[in-house]
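All residue numbers for the sequence shown refer to numbering that gives the first Met the number 0, where the first residue is 0 and numbers rise by one.
In what follows, a structure is listed as structure tokens, so that the remarks can point back to it.
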Amino acid sequence: MSTQRITYATMAADPNLHVEFDAAIERVKGTLGKTYPMYIGGDAVTASGQFEDRSPIDTRILLGLFQQGGREHVQQAIAAARAAAPSWGSTPWQERVRLLKTLCEVIRKHQYDLSALMIYEVGKNRLECLGDVVETADLIEYYCDEFTRNNGYLKPMETLGPNEHNYSVLRPFGVFAVISPFNFPFALAGGPAGAAMVAGNTVVFKPASDTALMGVKFAEMCMEAGLPKGVFNFVTGPGRTAGQELIDNPGIDGIVFTGSMEVGMKLLKDNGGRKIPRPVIIEMGGKNPAIITSRADLEKASDGVYRSAFGAQGQKCSACSRVYVSRDVRQKFVDLLVEKTKTIKVGNPLEKDVWMGPVVNEGALRTYEDAIARARKDGGKILTGGNRITTEPFDRGYFVEPALIDGLPKDHPLFKEELFVPITVLTDVLSLDEGIELANDTEYGLTAGIFSEDEQEIETFFNRIEAGVTYANRRSGATTGAWPGINPFGGWKASGATGRGTGGPWYVQQFMREQSRVRIK
0 MSTQRITYAT
10 MAADPNLHVE
20 FDAAIERVKG
30 TLGKTYPMYI
40 GGDAVTASGQ
50 FEDRSPIDTR
60 ILLGLFQQGG
70 REHVQQAIAA
80 ARAAAPSWGS
90 TPWQERVRLL
100 KTLCEVIRKH
110 QYDLSALMIY
120 EVGKNRLECL
130 GDVVETADLI
140 EYYCDEFTRN
150 NGYLKPMETL
160 GPNEHNYSVL
170 RPFGVFAVIS
180 PFNFPFALAG
190 GPAGAAMVAG
200 NTVVFKPASD
210 TALMGVKFAE
220 MCMEAGLPKG
230 VFNFVTGPGR
240 TAGQELIDNP
250 GIDGIVFTGS
260 MEVGMKLLKD
270 NGGRKIPRPV
280 IIEMGGKNPA
290 IITSRADLEK
300 ASDGVYRSAF
310 GAQGQKCSAC
320 SRVYVSRDVR
330 QKFVDLLVEK
340 TKTIKVGNPL
350 EKDVWMGPVV
360 NEGALRTYED
370 AIARARKDGG
380 KILTGGNRIT
390 TEPFDRGYFV
400 EPALIDGLPK
410 DHPLFKEELF
420 VPITVLTDVL
430 SLDEGIELAN
440 DTEYGLTAGI
450 FSEDEQEIET
460 FFNRIEAGVT
470 YANRRSGATT
480 GAWPGINPFG
490 GWKASGATGR
500 GTGGPWYVQQ
510 FMREQSRVRI
520 K
């Protein structure tokens with residue numbers, strides 16, 4: 000097995016990695032099309048109906064049949080999680096860390112097979128999928144290590160007298176719901192679930208229906224790792240029933256949600272009306288800018304922008320979806336960016352030399368086509384891309400060209416709306432001040448990047464940009480590529496609700512509440 004560390008910022012792959020991938024793709028082919036249960040309290044549970052999960056590469060490929068769970072199944076899962084919570088919460092934290100680190104080992108053991116299945120289900124390329132799986136293990140391991148570094152979050156306090164012993168201890172809430180999106184179906188499921196569990200909570204997990212296969216595979220990893228029954232529960236079903244029950248049920252003590260701003264803000268609003276408030280940990284997307292100043296290295300800048308704009312088909316909440324470039328260097332930068340974008344190989348991501356696969360579903364395809372039509376109607380110029388690819392063998396999937404759009408007014412909705420497809424809009428600015436002002440003129444504040452060789456410009460950017468994750472001169476990704484323990488990932492403004500990033504030193508504490516203990520002897 001290759002020992003090369005894979006992250007989203009990996010520039011090149013060890014050839015041995017592709018040998019591992021080729022073997023894994025052959026192994027998983029024969030597993031496609033199975034019927035999968037939900038897992039509640041350690042038992043396989045079925046519903047009266049199922050739904051299909053098909054590949055965006057070729058919709059003739061049936062990945063699996065999944066249970067059309069309803070409110071009653073979620074209620075069963077919550078009951079199982081609540082029954083397991085007292086024992087799990089009182090398990091010594093060292094034992095929870097041991098079990099969760101075992102889960103990390105299990106994920107790493109299966110990393111290539113899991114990544115191959117993710118290619119089929121999400122359409123990301125090989126390195127993006129392997130990065131997703133490896134990050135999952137790294138996130139969980141980081142939270143385990145934080146627990147160890149902080150002695151289980153038990154801290155002696157000052158005293159008022161010689162016979163007094165005072166402590167601050169962080170204790171679990173009870174049961175957490177984890178509702179994950181399609182784009183990082185392992186990392187955005189396993190990361191928060193791992194944090195919740197190492198903190199002593201039990202979990203009810205519902206994946207996006209588009210990525211139910213990766214959801215059940217994470218559940219299988221939890222079972223293989225030997226987590227006690229009821230600690231991790233897996234349900235599938237529509238958001239309007241199964242998902243809504245997770246939100247409504249008073250047996251849920253905390254929620255982790257990654258998804259749209261509309262749903263996230265509704266969760267926050269509903270939380271305010273509850274008799275007993277609960278933690279709501281939310282990441283709600285972004286409209287992430289890159290600023291290219293007249294002092295930028297344009298080779299670095301064009302590399303960083305196209306990688307962030309079109310990696311994973313632009314279906315990252317951190318994707319670089321708008322660019323503000325100094326008028327002095329505009330034409331040279333645009334020429335480089337267009338040239339490099341045109342070299343992107345779009346195709347079947349199972350193949351090792353394909354960099355960009357399909358968008359995830361028909362809804363994403365419609366979003367792409369609608370945005371291109373709006374741009375054309377409003378005077379925008381499509382510099383490259385803008386079309387669906389319908390030639391064989393891509394006519395059965397959701398393949399589109401990476402698109403760069405110029406010429407729109409700076410206040411056009413395409414500079415404001417999160418599209419989640421491979422489209423990036425650009426315009427010129429007269430100064431860094433104008434670039435920062437336009438970059439901040441959005442509800443979102445997730446990631447942002449700058450390219451400049453001037454230290455004062457970089458410092459100005461860091462101090463004034465309204466984003467939780469910021470990069471300067473990052474050739475491997477202008478606005479993307481955060482990694483656990485290296486780049487905490489969380490948004491400001493409407494991009495996040497807590498101000499504490501995943502993979503950072505303050506994340507796992509959100510799954511616990513402080514108890515002050517006073518003991519007089």
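Where is the CB? At the ideal position from N, CA and C, for every residue including glycine.
The model shown is predicted, which means the values in this text are computed figures rather than measured ones.
- Around the beta carbon of Ile464, 16 or more other beta carbons lie within 10 angstroms, which makes this residue buried.
- By the Cβ criterion, the region 254-273 is not in contact with the region 404-413, since fewer than three pairs of Cβ atoms, one from each stretch, lie closer than 8 Å.
- Spatial neighbours of Glu417 in its own chain (CB-CB distance under 6 Å, excluding positions within 5 residues in sequence) are listed in chain order as Gly284, Lys286.
- Note on geometry: alpha-carbon atoms of Lys100 and Arg365 lie some 42 Å from one another.
- Listed in chain order, the non-local C-beta contacts of Leu336 below 7 Å within the same chain comprise Ser301, Val304, Tyr305, Leu403, local neighbours out to five positions each way being set aside.
- Leu129 and Thr479 have their C-alpha atoms spaced approximately 16 Å apart.
- Per DSSP, the beta bridge partners of Lys33 are Gly63.
- In this structure, Arg53 sits near Leu61, with a CB-CB distance shorter than 7 Å.
- When beta bridges are read from the DSSP output, Phe450 appears opposite Ile291.
- With 16 or more other CB atoms across the displayed protein chains lying within 10 angstroms of its CB, Thr292 is buried.
- The criterion of a C-beta distance shorter than 7 Å is not satisfied by Thr497 and Phe488.
- The Cβ atoms of Gly250 and Arg81 lie closer than 7 Å to each other.
- Judged by beta-carbon spacing, Glu456 lies within the 7 Å limit of Leu431, meaning their Cβ atoms are closer than that value.
- C-alpha of Ser307 to C-alpha of Glu163: approximately 55 Å in a straight line.
- The DSSP-derived three-state label of Cys319 is strand.
- For Ala402, there is no enclosing alpha helix (DSSP H); the enclosing beta strand (DSSP E) has its first and last residue at 402-405.
- In the structure shown, Ala471 falls within a strand segment according to DSSP collapsed to helix, strand and coil.
- Per DSSP, the continuous beta strand (DSSP E) segment holding Arg516 begins and ends at 511-519.
- Annotation for Ala211: Asp52, Phe65, Thr235 place their beta carbon closer than 6 Å to its own, counting only its chain and skipping 5 residues before and after.
- The beta carbon of Gly313 sits closer than 6 Å to those of Val420, Pro421, all from its chain and outside the five residues before and after it, given in chain order.
- For Pro191, there is no enclosing beta strand (DSSP E); the residue is found in the alpha helix (DSSP H) stretching over 186-197.
- When the alpha-carbon of Glu338 is set against those of Arg321, Leu267, Thr383, Leu159, the nearest one is in Thr383.
- Under the DSSP definition of a beta bridge, Phe204 partners with Val177, Phe233.
- Nearest to Arg518 by C-alpha distance, out of Asp13, Thr158, Val197, Ser208, is Thr158.
- Rounded to the nearest whole angstrom, the C-alpha separation of Val333 and Val428 is 13 Å.
- Looking at Gly310, Leu187, Asp57, the one whose alpha-carbon comes closest to that of Lys123 is Gly310.
- Taking a C-beta distance under 7 Å as the contact criterion, Met260 and Ala493 qualify as a contact pair.
- In the displayed model, Glu436 falls within a helix according to three-state DSSP.
- Relative to Gln75, the option among Lys380, Gly238, Ala46 whose CA is nearest is Ala46.
- The C-beta separation of Val105 from Ala224 comes to about 5 Å, placing the pair in contact by the 8 Å criterion.
- In the DSSP annotation of this structure, Pro161 is not part of any alpha helix (DSSP H), being labelled neither H nor E.
- In the DSSP assignment, Leu425 falls within the beta strand (DSSP E) that extends over 422-428.
- Within the DSSP secondary-structure output, Lys380 pairs in a beta bridge with Asp405.
- Under DSSP, Lys216 takes part in no beta bridge, so it has no partner.
- For the 7 Å CB-CB criterion, Ala136 and Arg95 do not form a contact.
- Of the candidates Arg294, Gln243, Tyr141, the residue whose Cα lies closest to the Cα of Ile178 is Gln243.
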